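In my numbering, the protein residues as written are -19 to 42.
Have a look at the structure below before the remarks.
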């Protein structure tokens, strides 16, 4: 039986990982949470925005 020998990505720091997978445009769009009490509100707003965008993209009427 053969084992799959795929390429393994190594990252030596969190900054290196973020540079590859989280570009500056994502960081600019993200809302920073100042306290944990507002975290739920921020997540709900982001979910609603994403849902509205998907509805507009698919042109679904409720």
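Built from N, CA and C at the ideal position, the CB exists for glycine as well.
Keep in mind it's a predicted model, so treat the numbers as computed, not measured.
Straight-line gap, residue i to residue j (C-alpha atoms, nearest Å)
i, j, result
"residue 17", "residue 25", "14 Å"
"residue 36", "residue 28", "12 Å"
"residue 38", "residue -5", "36 Å"
DSSP-derived helix/strand/coil call for residue i
i, result
"residue 31", "helix"
"residue 22", "helix"
"residue 37", "helix"
"residue 13", "coil"
"residue -2", "helix"
Cβ separation of residue i and residue j, assumed to be a contact under 8 Å, to the nearest whole Å
i, j, result
"residue -3", "residue 6", "Going by Cβ atoms, the distance from residue -3 to residue 6 rounds to 13 Å, so no, they are not a contact pair."
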